Amino acid sequence: MSSSRISRRYFFFGSLLAGSVPAAGFGSLPSLKHLGYRSPNEKLNIAAIGAGGKGRSDIAGCVTENIVALADPDEKRAEPTFQKYPNVPRYKDFRQMLDKEGRSIDAVTVSTPDHMHATAAMWAMERGKHVYCQKPLTRTVWEARQLTLAAEKYGVATQMGNQGYSNEGARECCEIIWSGEIGGVTEVHAWTNRPIWPQGLTRPPAAAPVPATLDWNVWLGIAADRPYSPEYLPHRWRGFPDFGCGALGDMACHILGTPNMALRLGAPTSVECVSQEGRNPWSFPTKAVIRFDFPARGSMPPVKLFWYDGLKEQPKIEGVPAGELIGDKDINGSLFIGEKGMVTTGCYGERTRLIPAARMKDYKLPPPMLSRSPGHYRDWIRAAKGGEPACSNFSVAGPFTEWMLLGIIAMKYEGKLEWDPSRMRFTNNSEANRHLKPTFRKGWKFS
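Quick look at the structure:
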């Protein structure tokens, strides 16, 4: 690692070892392991909060390390993981796991439903654990802000699970735009074929007996008490606002990641749900179009960003040649419209190319301006061992999640919502502000 890229962590720990920082205790150096970091050659002890579903792939992403504890309230869903790690302690409640196994845990993966991301991550960070948290980082704007602040306060390594941030194509897209190839970007379109789970419901979920393999109380977590319904599990919880964030929360962290990175978007000044279908009291709509407006940022011009979900075919956008594929064949992707041209990417920033594609025939990519990722999980693991902060650490993922989640609130109201990020408030709709922060069930609140 070059001297210009030595992280603050390496500088601090190097200074400790060199003796330029006062040692703790009776003249002895503090243990780096005690401070929460390990040598790059040591393995991390990782606990999983959520061992079924996405938890399986998150655990698999950490296969180079030690898996030392598992927590999941749904035994049936987690059973494949339990079988793979038969000698690892298992819990239904992650709070008990962190209390009882905490001394042997360095880091955690958080792979719960969206509504429990913030609480699980906060419990872990307060105990000095590094955190890899699935996307979206949180279910509400306030929670995202709290996790951003907590990660800085506790000095732990963090990463949100939007793996496109580590994609080579996402970096190439940034470099194409930063080189000036398409001029200043003034408009972005991003879209997905999601939801692929029920939304646009015409009735509330039907109650049913709780399965013997499920701790419904723990699964509910911070959410208000209600009867169990098989219509929530597995993964269908994404369509319910108390548990998930719909198609926007599921896919925008991937698809909008490249625009967020390439255009250094920051916070929008306003958000508006332009259209939607299947609006109802119980779930997210079947499809929606949301517009975000971003101000000028340094030398970059203002940007209009349009999000589309529930699509069955790629969106028809003015200036795109007839028959030209934009995004990927699965109907996920983004399109940047600049003053001199257009560039498109797939769902995770892959297959970055100029539009029309014929422009790529003799085009040479600009020299790299960004460092390349070793992989999204390895990026986080490296940070947890004292390396550079991960590419989607919470100082990046938190503000990104904040502005993305504004789109969910916009679905609830007609017209444009004006946003003040410094006050974390809508300035023209006080009613909308009540959706910025969750209501915590007794026993689950964090400050």
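Using the working numbering, the first residue of the sequence shown is number 114, and each one after it goes up by one.
By construction, the Cβ of each residue, glycine as well, lies at the ideal position given by its N, Cα and C atoms.
None of these values were measured; they are calculated from a predicted model.
DSSP places asparagine 546 outside any alpha helix (DSSP H), giving it a letter other than H or E. Lysine 400 places its beta carbon less than 8 Å from that of glutamate 390. Per DSSP, the unbroken beta strand (DSSP E) holding isoleucine 403 starts and ends at 400-407. Annotation: glutamate 256 to alanine 321 spans about 31 Å, alpha carbon to alpha carbon. When Leu327, Glu285, Gln276, Lys474 are compared, the shortest CA-CA separation from alanine 365 is found for Gln276. Aspartate 219 and alanine 497 do touch by the CB rule: their CB atoms are close to 7 Å apart, below 8 Å. Straight-line spacing of the CA atoms in glycine 436 and alanine 164 works out to 43 Å. Taking all protein chains shown into account, tyrosine 476 has fewer than 16 neighbouring C-beta atoms within 10 Å of its C-beta and is therefore exposed. Boundaries of the beta strand (DSSP E) harbouring isoleucine 450: 446-451, taken from the DSSP string.
Contact between the region 467-486 and the region 245-261 is not established, with fewer than three Cβ pairs separated by less than 8 Å. Check the Cα spacing between methionine 229 and each of Gly282, Tyr204, Leu333, Ala191: the tightest is with Leu333. Put simply, the backbone Cα of glycine 359 is about 26 Å away from that of threonine 326. Valine 176 is classed as exposed because its beta carbon has fewer than 16 other beta carbons within 10 Å across all chains shown. Counted as a single uninterrupted DSSP element, the stretch harbouring methionine 524 is not any beta strand (DSSP E), since DSSP gives it neither H nor E. By the C-beta criterion, the region 421-437 is judged not to be in contact with the region 347-357, since fewer than 3 inter-stretch pairs fall below 8 Å. Under the three-state reduction of DSSP output, arginine 466 falls in the strand class. Serine 396 and leucine 483 have their alpha carbons spaced roughly 40 Å apart. In the structure shown, alanine 321 falls within a coil segment according to DSSP collapsed to helix, strand and coil. Shown here, alanine 336 sits in coil according to DSSP, grouped into three states, outside any helix or strand.
Secondary structure note for leucine 361: it is in no beta strand (DSSP E), and the uninterrupted alpha helix (DSSP H) holding it is 359-368. Here leucine 519 is buried, its C-beta having at least 16 other C-beta atoms within 10 Å. In this structure, glycine 451 lies near glycine 296, with their beta-carbon atoms less than 8 Å apart. DSSP, reduced to helix, strand and coil, places arginine 410 within a strand of the structure shown. Under the 8 Å Cβ criterion, the region 263-271 counts as touching the region 230-241, having at least three qualifying pairs.
Between the region 304-311 and the region 500-514 there are fewer than three inter-stretch CB-CB distances shorter than 8 Å, so the stretches are not counted as touching.
Pairing glycine 446 with threonine 458 gives a Cβ-Cβ distance under 8 Å. The beta carbon of arginine 169 sits closer than 7 Å to the beta carbons of Pro193, Thr194 from its chain, once the five residues preceding and following it are set aside; these are given in chain order.
Under the DSSP assignment, isoleucine 309 falls outside any alpha helix (DSSP H); it carries neither an H nor an E label. By the neighbour-count definition (other C-beta atoms within 10 Å, threshold 16), proline 551 is a buried residue. The secondary-structure analysis by DSSP pairs leucine 183 across a beta bridge with Ala161, Arg203. By the beta-carbon neighbour count (other beta carbons within 10 angstroms, threshold 16), leucine 346 is buried. Between methionine 374 and tyrosine 278, the gap from beta carbon to beta carbon is short of 8 Å. When only Cα atoms are considered, threonine 222 and alanine 160 end up about 7 Å apart.
A straight line joining the alpha-carbon of cysteine 246 with that of isoleucine 162 spans about 9 Å. Judged by DSSP in its simplified three-state form, tyrosine 476 adopts coil rather than helix or strand.
Closest by C-alpha distance to glycine 268, out of Trp557, His243, Phe553, Gly274, is His243.
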